[in-house]
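2 protein chains.
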Amino acid sequence: MNAPTSQEFLVAPEPDSGELAHEVDGIDQDGKPIGQQVVHERPLTIYLNGQEIVTAMTIGDHPDWLAVGYLLNQGMLNSNDEITGIDHDADLGVVVVRTARKTNFEEKLKKKIRTSGCAQGTVFGDLMETIEAIELNRDAIIRTSWLYALTKKINTQPSLYLKAGAIHGCVLCQADRPLVYLEDVGRHNAVDKIAGWMFLNNIAPDDKIFYTTGRLTSEMILKCVAMRIPILASRSGFTAWGVELARQTHLTLIGRARGKRFVALSGLERIVFDADTSQADEEDRRHTRKGAGGDD
Amino acid sequence: MNAPTSQEFLVAPEPDSGELAHEVDGIDQDGKPIGQQVVHERPLTIYLNGQEIVTAMTIGDHPDWLAVGYLLNQGMLNSNDEITGIDHDADLGVVVVRTARKTNFEEKLKKKIRTSGCAQGTVFGDLMETIEAIELNRDAIIRTSWLYALTKKINTQPSLYLKAGAIHGCVLCQADRPLVYLEDVGRHNAVDKIAGWMFLNNIAPDDKIFYTTGRLTSEMILKCVAMRIPILASRSGFTAWGVELARQTHLTLIGRARGKRFVALSGLERIVFDADTSQADEEDRRHTRKGAGGDD
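Protein sequence lines correspond, in order, to chains H and X.
No gaps in the numbering here: position 55 of the first sequence is 56 in this note's numbering, and each next residue is one more.
No gaps in the numbering here: position 101 of the second sequence is 102 in this note's numbering, and each next residue is one more.
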C-alpha cells in the first residue's frame, strides 16, 4: 500500500510550518514527561473596504482566502465582484479586502448582533434568502469508490490533525481526487478558506464534492449550498435542521463516513454504488482518522 | 461488569425524550434503507430583564439553566445576584431571567459585535478581567483512578450521543462520581447549562472536576475558570492559547483522555497517580466513546 503523495493535492496542509503549532511540555498517564504539539489560534480582523466586519479566531494561514471566503459566504461579496486588493498585516492581525464596488454593511452588522448565536456566527435570515435562489447541479454524481478513495487519501495525508489534533479539516474534491485540503480551529474558517481559494482561482463548483470532518449542522449545509457545491460528505453526524435544509436545497448529504460505512439522508439520486462493501468492518478499523486528537 | 446506573447521576441525559431527537429515513453504504436518529437544534433567545441578550442554537432542554449559566459565564449575572423569576415560552423560543438588581448591558452588547469571532461567542476582554481575579482551589486533587472511573461511567451512560451522535457532552464530577451530565449541539451551551444548574442549586465548585467531550480551547478554559472549577478534563485535544490560559490561571488541564491514556499540560500538582496503567492499550479499545457519530 503506497502512501498518497501530496502531488495529488493542489493545496495541502503544511503541518511542519513552525508558525501553526509548537510543542509544549506535559506529562502522560504515568507521570512521564512528554512533548505535546498544540495548534495556535489567533485573532484576525476582517475589513471590507473601510468597514470592520468581524474578528475570527484562526490558525492564521491563508488570511486572504479566509477573508474573501468569509465575505462571500456571508453574501457581502458577490460572485461578480472585482477585488482590487487584499492587504494583510500579520503584526496587527488585520486583513483588508478592497473591491471596485462601494460596499456598506452597517445595517447587516446590526442585524447580526440580534440573530447570531454562539455556535453559528452567521446571519441566517440573509443566507436563507440567497440559498433559496440557488439550483444545485442535478447531474453531479459521487461514486462510492470515489468516497472511499477520498477519505483514505485525506486521512493519511500529513496534516495538523495528525500532528497536533484539536483541529478541523475541509477538503474540496473532484471525483476521487482531493484538490484543496485546509484546516482550522473552527470548521467554518476551513470552509471559508476554500470558498476564498475557489473565488480567487475561478473554480467551477458544480462538479465538486465537499468533504469535512465537522458535523453536518445547518450552518455547514448553508455554506455548502452558498458555494454551489452539490455534494457534501462528512465523517461526523447530522442535526435535524441540517438534514431539513439539505432536503429543501436538494443537496446530497452523506454523513458518518468512516471506513466503508456511511449514511446518506438527502440527494440520494447522485450516489452511484460501485464499490465492494463486504469488508466494511475490517476497513473501518484501518481507515479511520488516526490519533487521539479531538476533532471537536 | 455491571453497567453503571443512572442513580449515580443527579442529572443525566434523557435520550428517549421524544423532543430532542427523531428518526429520519436514509440509506447506508449498500443503498439499503435505514433510520437515522438526528438531534434537534432550535433557536432560544435569552433576555435579562427587559433586554434581549443573545439567540443561542440549542437542543432545547433546560432553557432556564442555559439562560442563567450563559449570563453568569458572560459576567452579566453576579454570583450574589438574586434571581426573582425565570419565564420560558417554548412556542416563542424565549427565556427571560429576572433579577432584583437592575441590569443594563447596552454597552457590553455593542462591544460584542466588534470583538467576537464565530467560534467564540464570548467577549474575551471582559472575561479576562474577571478571570484574573480568580484564585482556583490549590488543594483540589484528581486521582487517575477517578478519571478512569468517570470516563467509563460517562461513555456507557445512555445519551443522545450514543443514540444520535453529532452532539457534545459536559459533565460536572466530584471524585469518581459524575453528578450532572448535559448535552447540546454546541459545547458552550452544555457548559452554560451546568453553570446554571450549579448556581440555582448553590453548588460549591472548588472540589469539582469538569469533563467535556470538546476541545480545550481558550473559550473552554475561560468558562471553567469563571465557574471556579479547578480541574478540567477532555477526551479531545488542546489549542496553544487554551494551554497558555490554563497555566496563567493554574487550572489543571488534562486532554486526550481516552481509555487509560491522557496528556496533562497544566496544574500537574493536583494529579495523583494511583491507577495501574499497564493495560493502557487494551483499555483504549474498550472504553472509548462508542458509535460513529461525530462529536464535532
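Every residue gets a Cβ at the ideal spot worked out from N, C-alpha and C, and that includes glycine.
With H, G and I counted as helix, E and B as strand and the rest as coil, what does DSSP make of X/E42?
Looking at X/E42 - three-state DSSP - the assignment turns out to be coil, as it is neither helix nor strand.
When you compare the CB of H/Q52 with every CB in chain X, is at least one pair closer than 9 Å?
no
If the cut is a Cβ gap below 8 Å, which residues of chain H does X/H23 touch?
What X/H23 touches in chain H: A241.
Can you tell me where the beta strand (DSSP E) holding X/E184 begins and where it ends?
Here the beta strand (DSSP E) through X/E184 covers 178-185.
Does the beta carbon of X/R99 sit closer than 9 Å to a beta carbon anywhere in chain H?
no
Short of 6 Å in beta carbon distance, which residues of its chain neighbour H/A247, apart from the five on each side in sequence? Order them along the chain.
Only I222, L254, S267 meet the Cβ criterion.
In this structure, what does DSSP give as the bridge partners for X/V98?
X/L49, X/I87
Do the CB positions of X/V181 and X/L21 come within less than 9 Å of each other?
Not in contact: X/V181 and X/L21 (Cβ atoms no closer than 9 Å).
Kindly list the residues whose CB is nearer than 6 Å to the CB of X/S146, restricted to its own chain and excluding five residues on each side of it in sequence; keep chain order.
D275, A276
Smallest Cα separation from X/H251: which of X/A234, X/N138, X/A241, X/G76?
X/N138
Once DSSP output is grouped into helix, strand and coil, what is the label at H/A265?
strand
Count the other CB atoms, across all protein chains shown, that sit within 10 Å of the CB of X/N105; report buried if there are 16 or more and exposed otherwise.
exposed
So the candidates are H/E184, H/N190, H/T100, H/N74; which of them puts its Cα closest to the Cα of H/T85?
H/T100
Which residues does DSSP pair with X/Q175 in a beta bridge?
Looking at the DSSP output, X/Q175 bridges to X/R178.
Identify the contact partners of H/T152 in chain X, using a Cβ-Cβ distance below 9 Å as the criterion.
Near H/T152 there are no residues of chain X at all, since even the closest Cβ is about 12 Å away, more than 9 Å.
Suppose only complete runs of 3+ residues qualify. What are the beta strand (DSSP E) ranges in the region 187-213 of chain H, listed by chain order?
210-213
Comparing the CB of H/L72 with every heavy atom of the ligand SAH, is any distance shorter than 8 Å?
The ligand content of the structure shown is nil, which means the ligand SAH is not present either.
Just to confirm, is the Cβ distance from H/C171 to H/L183 under 9 Å?
In this structure, H/L183 lies closer than 9 Å to H/C171 by Cβ.
In terms of residues, what are the limits of the alpha helix (DSSP H) holding H/A152?
It is Thr, not Ala, that sits at residue 152 of chain H in the sequence shown. Here the alpha helix (DSSP H) through H/T152 covers 145-157.
Between the region 194-216 of chain X and chain H, which residues of the former have CB atoms less than 8 Å from a CB of the latter, in chain order?
T214, G215, R216
So which residues on chain X does H/V39 lean against when the C-beta distance must stay under 7 Å?
Residues of chain X with a Cβ closer than 7 Å to the Cβ of H/V39 are, in chain order, F239, T240, A241, V244.
Note down the Cα distance separating H/T1 from H/W242, rounded to an integer number of angstroms.
For residue 1 of chain H there is no data in the structure shown, the boundaries of chain H being 2 and 297.
Indicate whether at least one CB of chain H lies closer than 9 Å to the CB of X/K103.
no
Could you compute how far the alpha carbon of X/S279 sits from the alpha carbon of H/T59?
Each residue's Cα considered, the two are about 38 Å apart.
If you measure beta-carbon to beta-carbon, which residues of the region 246-266 of chain X are closer than 8 Å to chain H?
G256, R257, R259, K261, R262, F263, V264, A265, L266
Along the region 58-75 of chain X, where does the CB come closer than 7 Å to a CB of chain H? Name the residues.
M58
Inspect the beta-carbon positions of H/A227 and H/L67 and report whether they are closer than 9 Å.
no
Drop a sphere of 10 angstroms on the beta-carbon of H/V55, count the other beta-carbons inside from all chains shown, and report buried for 16 or more, exposed for fewer.
buried
To which residues of the same chain is H/R115 closer than 6 Å at the C-beta, ignoring the five residues directly before and after it?
In this prediction, H/R115 has a pLDDT of 38, which is less than 50 and means its spatial position is unreliable; what the coordinates show is noted afterwards. Once the five neighbours on either side are set aside, H/R115 has no close Cβ partner at all.
For X/E245, I'd like the list of residues in its chain whose CB is within less than 6 Å of its CB, leaving aside the five on either flank, ordered along the chain.
none
Using only the alpha-carbon positions, how far apart do H/T157 and H/H169 sit?
15 Å
So is H/A205 buried or exposed if we call it buried at 16+ other beta carbons inside 10 Å?
If you draw a 10 Å sphere on the C-beta of H/A205, you find fewer than 16 other C-beta atoms in it, and that means exposed.
For X/L93, tell me which candidate among X/I195, X/I47, X/D82 has the shortest Cα-Cα distance.
X/I47
Please name the residues in the region 9-36 of chain H whose beta-carbon is closer than 7 Å to at least one beta-carbon of chain X, in chain order.
Per Cβ criterion, the list reads H23, V25, G27, I28, D29, Q30, D31, G32, I35.
Using 9 Å as the limit for Cβ to Cβ distance, is H/I272 near chain X?
H/I272 counts as touching chain X.
Tell me which residue opens and which closes the beta strand (DSSP E) that X/A276 is part of.
Careful: X/A276 lies outside any beta strand (DSSP E) and carries neither H nor E.
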